[in-house]
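In full-length UniProt numbering, the protein residues as written are 1 to 1184. By construction, the Cβ of each residue, glycine as well, lies at the ideal position given by its N, Cα and C atoms. What follows is a set of notes on a single structure, which appears directly below.
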Amino acid sequence: MSHFNDESCGNGPATIYRLTSNPSSGSVFEGVEMANDELYSGPIAESLPTSVSAFSHRRPRADSAASFMYFDEPDYQSEAEYPNDESAEFRDRCVRRSVSDLGDIEFGVENDDASIDREYLTAHEDCGLRRCSSSQSRDSAHVRLLHRDSICTAASDRADGRCSQKIYMANEDITIAIAGFRTSKTGWLLYVCLCVLTGGLAFLFFRWLPRCYIAIVGRSCSLRDCEWTVIENQWGELVRIRVISNEYGRPVSSIFGLPQKPMLYCLDDENDPVVDHLRSLNYRYMRLYYHPIKDKFVTSAGWKDPNWTDTRLIRSGLDNEEKAIREIVFGQNLIDIEQKSIGQLLMDEVLHPFYIFQIASLVLWSMDSYYYYAACIFIMSIASISATLLEMRATTRRLHNISKFECDVRVLRNGFWKYIASSELVPGDLYELSDPNLTQFPSDSILLTGDCIVNESMLTGESVPVSKVPATEYALCNLDLGASSVSSEIARHFLYCGTRLIRARRPQEHREGDAVALALVVRTGFNTTKGTLVRSMLFPKPSGFKFYRDSFKYISVMAIVAMLGFIASLVNFLRLELAWSVIIIRALDLITIVVPPALPATLTIGTNFALSRLKKKQIYCISPQRVNVGGKLDIMCFDKTGTLTEDGLDVLGVRIASETGGTFSDLLPREAFLVKNATEAGSRSPVQAALHTMATCHSLRVVDGTLVGDPLDQKMFEFTGWSFEEGRQRSGDGDDDDQGGLTPSIARPPDTAVELGLIKSFEFASQLRRASVVTRNFGQKSGNVFVKGAPEAMKEICCPESFPIGYDELLSHYTHKGYRVIACATKHLPKLSWVKAQKMTRLEVESDLKFIGFIIFENKLKPTTSAVVKELLDSNIGAVMVTGDNILTAISVARACGLLIQEAHCFVPRFVKGNARDPLAELQWESIDNNSFCLDKKTLLPLPAPPQEDTSLAYDITNLRNYSLAVSGEVFRWIVDYASPEVLQRVLLRGKVFARMSPDEKHELVLKLQSIDFCCGFCGDGANDCGALKAADVGISLSEAEASVAAPFTSRVFDIRCVLEVIREGRAALVTSFSCFKYMSLYSAIQFTSVSFLYAKASNLGDFQFLYIDLLLILPIAIFMGWAGPAPVLCQKRPTANLVSEKVLIPLLGLIAICVSIQGVAFLTVSKQSWYKPPQGPSLSPCL
């Protein structure tokens, strides 16, 4: 069913939403084919050919819809012409769109009012009740790239099908337009004739202006019949791609899969036609296939075999015939980057306008007998081209070696196990994971049996090993390969291509046969997660700077000046009656002086030196254009744990709730806690329950005799003094009530015979903020549930009577002091079998619990944190903490590191009416230190202090001027969805602490900061920060990996000093690039003036004079200027990034005017001297 835009809903339920909040991509780009691969911004090789390096806007242009010249959008009526109260018309439009989405198939539609009404109501629900913020939302969602009915083209655009289409790739926030063409024989003949007649100049012209080539050679035709396509993205990057056609002979559903959602009108077997020839195109290593029913190109990356919901069918593997068919669709399982030959690279580089201009200049200088100068420039050009080609070749080869991976895997094919090359894997293949030769996953896979521990730092920057468990049939049913990311429920079973396998274990077998760890291939090649990483390195999103583009605008202006000089010199030479050959050479030479060929090369000098210095400091950048962006940062967001504070948290102690309820025990440090537990052994007391929670409720694994896992879990387990023995999964079916299919993990105390078996566990879920485990003492039939998580999350699942008096006060006490607090809860299960435990759902396990106490963790600041935050604030760069921790703990840490002013008020919101899901809810903003001080609900400005308050105290009324805001994740979500734009903007400007933020909310915060024109950075170290790191203008990941998909910058020094280094080097790169550019511009202007004055007297500079100026005066200074390092301390004044601005142009033009004036005075003065003799008659030409 088609989803309608919020705007089409009129004044219905949608009026409760803030109109400027980000709607989900599905509600804006209705019917647009979503890309199924996740594209990441940033990564790229360190060197780029001159022909492709450029700067352009990062954010989508407001006129992006109009920039697609090859997309023919039907001229539909505006939405204002469709009154939303005309329900019948609205329902009819729903039906028309649903039918037209099916393409050319003709339907006999019955007039079923009931079904139409259901469609009508569902569409209204979709547009009116959807949350305006979404994990998929983007800034460009504000720009409606398509009209509501623009995708209903089917056979309506043209009799032979549509000629163009759009695809919105939500994860990359990029829209591409695809247009179909055939080659016109007449146009091709005209093109060849022009190239021949102009001696190749037409070839260069059409190469530099591909739209002109398309206009002459291309003939628009339908996508169904096109020979080649033109693909253009929203930044105007254009590429021509030939359509490939292969014999196929299989149904459409074998390529695109079955519909994920039931449609309004079902398709029978006749409407799943056989595709005789499979038409496809390869755009940025992503295959798009022509869908004959939808009449457009779509991806098949989200393809899923319907049999993947039944483990018995999955375990049968594939036969050779099915493997061959799938290999036609998905290709080989290789991430193989095309490596251009030296000749191709040379052609791409030499045919760039910069080098063509240099070649023309060399020819001109040689004709003018400037052999020495021409030879020097030629040698320098050859050296520059050679160095560029070698670096490009080395970079491409290095990336090729990193990306291409092939190994032997043991796969089930035709019912037999055999070894094949990993390149032969296709989706649906079953391979053995426990093969000792397998060290890296060859594809995106799902773990079916056994267990493993993997290192996913390449993807997330998270260096902590991650454990994987077998997928259940429920997980397989909910596997959505077309989603933008893998959900947290599926991620614990998902094996990402390219990640390193630390340990794989076979399931234990209690019956005959070999037990092996099995994995199912679900994505291959460039459709895998590693493929998206490589693709993002090759095709980064353009950065947000216009420097390069502005430089060419400036060069264009200089070219106009050169033409004026050319005309003036031409007139002067005609007056002097010089030979035409001399006139032409001299006038053309003037152009090479005004527009020096070396000018564009100076733009990258500062960036290259900055990259080199960053690398020496173990900061790696895989997106060089982001270096300049770092120099313009307005605000920096930091994760807390592991970024501002130490990774490891030490357990300060435990506070236990009394059995009778009502009070907490004193803080029990380790020794007192263990002694108290020993005296109450076997009593199921709260102390014992707390100990068992700490010993069992974790995600630790044993690798080579060492516990690995989350640092918090490690510290918590070490506190107990227990030992841990990891269990193993059996391959049996689990019918045995005692043994089943699992040998559970065991936790043992040091000196007793007690053994706790962990028979079922639910790992920590960020949206629930808790983890749980079901245990059973060996020799007993009863069991226990132990849960740990955020204190706020416990109130939802614990019995109210189990909370002691002063629960909130004690929690507030510790969080105010900056401690991290974890709550524990338990419940007893009188009769618990293994089978019963395995069938228990998370909802059943985590309900009706008894609260047992708090575990208090001490989280210390890193030594460098406070100094870095102070320098950022002193340099007028905002600093914000974004964490998943408790809001009071976050505020305390923020004050400790100087992010919040100690004396100033910090206001925290709370709901006084409704809740986070209520659009009509109300917030009350109160000072965390004195709730008598409040903010106005509408303006978020401080209200006058109450009369009874003593304003002479530390927190007096004067400190309200520097107030800040601390916001929780659920409040932030409510503000984004329902609050006024003024409130949201005030929160973004005054917010310093954002706590209890989910990964999606961190991402949303970065987007909102960018929406108010902040150049935003983000620094984090874990998987929860990936979305924010990718969305930020400058993302810095603290990780051991040199390259991570998480961010364009990766620091192997695990503190936030790297932020200062990136900012310093970014500013240095900007300043040096601008300085070099202005220096080169000034040099060309001075030389132009000198030569123009000499031309007036029929004279010119000598060959060696040009050599001296260009090679000895200009070049060394330009290089050493770019070599200059950054200032040691950041200042408040940021360097400009706008080349065409008063700040840059006025000083430059002023210097040029001064130099021209001085030369003019000197020229006139010399001309009037008695000893001056001007050139005469026949001697004029030799002088020139």
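query                                                                                                           : result
Check whether Gly-1020 and Asp-639 have beta carbons under 8 angstroms apart                                    : yes
6 angstroms CB neighbourhood of Tyr-290 in its chain, flanking five on each side removed                        : Arg-279 and Phe-297
DSSP beta-bridge partners of Val-298                                                                            : Tyr-289
contact_flag[the segment 1077-1097, the segment 1108-1127] where n(CB pairs < 8 angstroms) is 3 or more         : yes
Contact between the segment 811-831 and the segment 851-865 (3+ Cβ pairs under 8 angstroms)                     : yes
Supposed close pair Val-522, Pro-442 - CB separation, criterion 8 angstroms                                     : The pair is not a contact, with the Cβ atoms about 12 angstroms apart (cut-off 8 angstroms).
Euclidean distance between Cα positions of Lys-1133 and Ala-1031                                                : 25 angstroms
Sequence ranges, alpha helix (DSSP H) only - wholly within the segment 1014-1095, length at least 4             : 1026-1031
Stretch pair the segment 1090-1098 + the segment 1157-1176: three plus CB contacts closer than 8 angstroms      : yes
Contact set for Val-561: own chain, Cβ-Cβ below 7 angstroms, skip 5 residues either direction                   : Val-594
For Leu-448 and Leu-520, believed in contact at Cβ under 8 angstroms, the rounded distance                      : 6 angstroms
Cβ neighbour criterion (16 or more within 10 Å) applied to Phe-416                                              : exposed
CB of His-355 within 8 angstroms of CB of Asp-1103, strictly                                                    : The question names His, yet the displayed sequence has Tyr at residue 355. No, the Cβ-Cβ distance between Tyr-355 and Asp-1103 is not below 8 angstroms.
Burial state of Arg-730 (16 or more Cβ within 10 Å)                                                             : Low per-residue confidence applies at Arg-730: pLDDT is 44, beneath 50, and the placement is therefore not dependable, though the value from the model is reported in the following sentence. Buried, because 16 or more other Cβ atoms sit within 10 Å of the Cβ of Arg-730.
Proximity winner among Leu-872, Asp-634, Gln-165 and Leu-288, relative to Asp-1013 (alpha-carbon distances)     : Asp-634
Between the CA atoms of Glu-338 and residue 1187 - distance to the nearest angstrom                             : Because the chain here runs from 1 to 1184, residue 1187 falls outside it and cannot be looked at.
Check whether Phe-724 and Gly-757 have beta carbons under 8 angstroms apart                                     : no
Cβ neighbour criterion (16 or more within 10 Å) applied to Tyr-76                                               : Any reading at Tyr-76 must be qualified, since the residue scores a pLDDT of 35, below 50, and its modelled position is unreliable; no value is offered.
For Phe-1106, the nearest candidate out of Gly-1125, Ile-1086, Trp-1123 and Gly-218 (CA to CA)                  : Ile-1086
Sequence-distant residues of its chain with Cβ nearer than 6 angstroms to Cys-221 (five each side left out)     : Gly-180 and Arg-182
Reference Gly-884, options Leu-533, Ser-1170 and Ser-998, closest by Cα                                         : Ser-998
Close beta carbons around residue 1186, own chain, < 6 angstroms, minus the five adjacent residues each side    : Absent from the structure is residue 1186, since the part of the chain shown begins at 1 and ends at 1184.
Gly-450 beta carbon less than 8 angstroms from that of Ala-517                                                  : yes
Residue of Ala-966, Tyr-1083 and Pro-863 minimising C-alpha distance to Arg-910                                 : Ala-966
Nearest-angstrom Cα separation, counted from Thr-229 out to Asp-276                                             : 21 angstroms
Start and end residues, alpha helix (DSSP H) containing Ala-475                                                 : 473-477
Lys-827 beta carbon less than 8 angstroms from that of Lys-850                                                  : yes
Inter-stretch contact (C-beta, 8 angstroms, three-pair minimum) for the segment 901-920 and the segment 835-850 : no
Rounded separation between Ser-772 and Glu-659 - CA only                                                        : 21 angstroms
C-alpha distance - Thr-865 paired with Glu-809, whole-angstrom precision                                        : 29 angstroms
First and last residue of the uninterrupted alpha helix (DSSP H) at Trp-925                                     : Run containing Trp-925: none in the alpha helix (DSSP H); it sits in the beta strand (DSSP E), 922-927.
Whether Thr-1033 touches Cys-1016 by CB criterion (8 angstroms)                                                 : Looking at the sequence provided, one finds Asp at residue 1033 rather than Thr. Yes, they are a contact pair.
Alpha carbon of His-892 to alpha carbon of Gly-818, nearest angstrom                                            : For clarity, residue 892 is Ser in the given sequence; the question names His instead. Ser-892 and Gly-818: Cα-Cα distance of roughly 5 angstroms.
Residue nearest to Leu-1070 in terms of C-alpha spacing, selected from Leu-611, Leu-364 and Arg-917             : Leu-611
Cβ-based neighbour list, Leu-941, same chain, cut-off 7 angstroms, excluding 5 preceding and 5 following        : Leu-935
Reduced DSSP secondary structure (H/G/I, E/B, other) of Ala-896                                                 : helix
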